[in-house]
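Chemist:
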Amino acid sequence: MPHLGHLEAGNRHDLHIGISPDAPDEGQLHEEDGAYGYAHSYETSSRFDGPGLRIVLFVSGCLLRCSYCHNPDTWHLKDGTYISAQEVLDRLAKFAPALRALDGGLTISGGEPLVQAAFTRRILAGAKQLGLHTAIETSGYLGDHVDEKYLSALDLVLLDIKSSNPETYRSVTGRDLAPTLRFAERLAAINKPVWVRFTLVPGFTDDPANVEGIARFVAPMKNVEWVEVQPFHQLGAFKWKAMNLEYKNAQTPTPTPDLIERVIEQFRAAGCRVR
Ligand code: SF4
0 MPHLGHLEAG NRHDLHIGIS PDAPDEGQLH EEDGAYGYAH SYETSSRFDG PGLRIVLFVS
60 GCLLRCSYCH NPDTWHLKDG TYISAQEVLD RLAKFAPALR ALDGGLTISG GEPLVQAAFT
120 RRILAGAKQL GLHTAIETSG YLGDHVDEKY LSALDLVLLD IKSSNPETYR SVTGRDLAPT
180 LRFAERLAAI NKPVWVRFTL VPGFTDDPAN VEGIARFVAP MKNVEWVEVQ PFHQLGAFKW
240 KAMNLEYKNA QTPTPTPDLI ERVIEQFRAA GCRVR
């Protein structure tokens, strides 16, 4: 068994690299019962990653390589800390009364929670037993790999739809768009609450036709409670440098207020509830 570590409360913007050098490649992980897994960090008081006050656990491992990713140190399991699900739940139990009182709960983000589906499901199921609202933030790329049991442990899915155009999607993430759209349709079919998240990256995802395509796809879905437009920022740039990765967005500006308003208006005009 890899060396078991402990996770202290931190911040998504902290840099974590090389903590578990013996971890498998994130594309070759064979999970057993999910009792152990790899995590980057957790935050104790988010107001942005689901309703109410949230604990946000950032797990390690992602198969996408978004050119504007704010947390490339979550891509590889070897950069995460190997921890037990029980330790996460013990820690969560201490916060549970406050989270319940503030209509909040647990959100698992990443990285990509579905890379370690057994580990994250175990934590989500434990959070439900604590009476907490549960959510994951996911690209949906591995949505085909999770079963109904996984979805039943979830109250909300924060679904990142990065583009409506397969070519744009591939150029910004390195992967196919279709699994994400399939997952969105599956969630709509079972009426699972979803907040769609769209990262607005000038010059990469801001094309009006791209935004329009997402808006038209999402608008008829009654389970989509919100579309959240998330402006690109440079807070993760230092991580690319520290990890010696080629960062294509070094010169990309943050979106102007006018651009953000244009995109919000596009979603609104299509009939989406947007913020
Ligand atoms: S899906 Fe998220 S964690 Fe993965 S590369 Fe894209 S932005 Fe980064």
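Under numbering that gives the first Met the number 0, the first residue of the sequence shown is numbered 0, with each subsequent residue one higher.
Yeah, the Cβ is synthetic: ideal placement off N, Cα and C, and Gly gets one too.
Report yes or no: do the stretch 161 to 172 and the stretch 205 to 213 share at least 3 C-beta pairs separated by less than 8 Å?
Modeler: With the cut-off at 8 Å, the stretch 161 to 172 and the stretch 205 to 213 touch.
Chemist: What does the shell around the ligand SF4 hold, if a residue joins when its beta-carbon is under 5 Å from any heavy atom?
Modeler: Those residues are Cys61, Leu63, Cys65, Cys68 and Ser138, given in chain order.
Chemist: Can you tell me which of the three DSSP states Ala214 falls into?
Modeler: DSSP places Ala214 in helix when its eight states are reduced to three.
Chemist: Taking one C-beta from the stretch 78 to 96 and one from the stretch 192 to 199 each time, how about it: are there three or more such pairs within less than 8 Å?
Modeler: No: the two stretches stay apart, fewer than three of their Cβ pairs being nearer than 8 Å.
Chemist: Start and end of the alpha helix (DSSP H) containing Thr179?
Modeler: Unbroken alpha helix (DSSP H) run through Thr179: Ala177 to Ala188.
Chemist: Quick check on the DSSP output: what are the complete beta strand (DSSP E) runs of length 3 or more inside the stretch 44 to 132, in order along the chain?
Modeler: Correct list: 53 to 58, 80 to 83 and 104 to 108.
Chemist: Exposed or buried, what is Ala38 when buried is set at 16 or more other beta-carbons lying within 10 Å of its beta-carbon?
Modeler: Flag for Ala38 reads buried.
Chemist: Candidates Ser45, Asp72 and Thr80: which alpha carbon is nearest Leu98's?
Modeler: Checked all of Ser45, Asp72 and Thr80; the closest Cα to Leu98 is Ser45.
Chemist: So Gln233 is in the alpha helix (DSSP H); what residue range does that whole segment cover?
Modeler: Unbroken run through Gln233: none, as it is neither H nor E.
Chemist: Specify whether the stretch 47 to 58 and the stretch 129 to 145 touch according to this definition: at least 3 beta carbon pairs, one from each stretch, less than 8 Å apart.
Modeler: Yes: the two stretches touch, three or more of their Cβ pairs being nearer than 8 Å.
Chemist: For the pair the stretch 63 to 75 and the stretch 246 to 258, tell me if three or more CB-CB distances fall below 8 Å.
Modeler: Enough Cβ pairs lie closer than 8 Å, so yes.
Chemist: Output needed for Asp21: all residues of its chain with C-beta closer than 6 Å, excluding positions within five of it in sequence on either side, in chain order.
Modeler: Within the same chain, Asp21 has close Cβ partners Pro1.
Chemist: Hey, Leu113 and Ala126: beta-carbon distance below 8 Å or not?
Modeler: Taking 8 Å as the Cβ cut-off, Leu113 and Ala126 do not qualify as a contacting pair.
Chemist: Does Thr253 pass the burial test, meaning 16 or more other C-beta atoms within 10 Å, or should it be called exposed?
Modeler: It is exposed - the Cβ of Thr253 has fewer than 16 other Cβ atoms within 10 Å.
Chemist: How big is the Cα-Cα spacing for Ser138 and Asp102?
Modeler: Cα to Cα, Ser138 sits roughly 25 Å from Asp102.
Chemist: Using three-state DSSP, classify Thr198 as helix, strand or coil.
Modeler: Thr198 falls in the strand class under three-state DSSP.
Chemist: Sort Val58, Glu7, Gly26 and Asp78 by Cα distance to His15 and report the nearest one.
Modeler: The residue with the shortest Cα to Cα distance from His15 is Asp78.
Chemist: Starting from the Cα of Gln128, find the closest Cα among Asp154, Ala116 and Gly110 and give me that residue.
Modeler: Ranking Asp154, Ala116 and Gly110 by Cα distance to Gln128 puts Asp154 first.
Chemist: With a 10 Å radius around its C-beta and 16 neighbouring C-beta atoms as the bar for buried, classify Thr179 as buried or exposed.
Modeler: Per the 10 Å Cβ criterion, buried.
Chemist: What number of angstroms, rounded off, separates the C-alpha of Glu136 from the C-alpha of Ser108?
Modeler: The straight-line gap from Cα to Cα measures roughly 5 Å.
Chemist: Tell me where the beta strand (DSSP E) around Asp257 begins and ends.
Modeler: Segment Pro256 to Ala269 is the alpha helix (DSSP H) holding Asp257; no beta strand (DSSP E) there.
Chemist: In whole angstroms, what is the alpha-carbon distance linking Ser59 and Val195?
Modeler: Those two C-alpha atoms are separated by around 22 Å.
Chemist: So is Ala208 buried or exposed if we call it buried at 16+ other beta carbons inside 10 Å?
Modeler: Exposed: under 16 other Cβ atoms inside 10 Å.
Chemist: Name the one or two DSSP bridge partners that Leu158 has.
Modeler: BP columns for Leu158 point to Thr137 and Val195.
Chemist: Can Arg181 and Tyr140 be called in contact, C-beta distance under 8 Å?
Modeler: Cβ distance not < 8 Å, so Arg181 and Tyr140 don't count as in contact.
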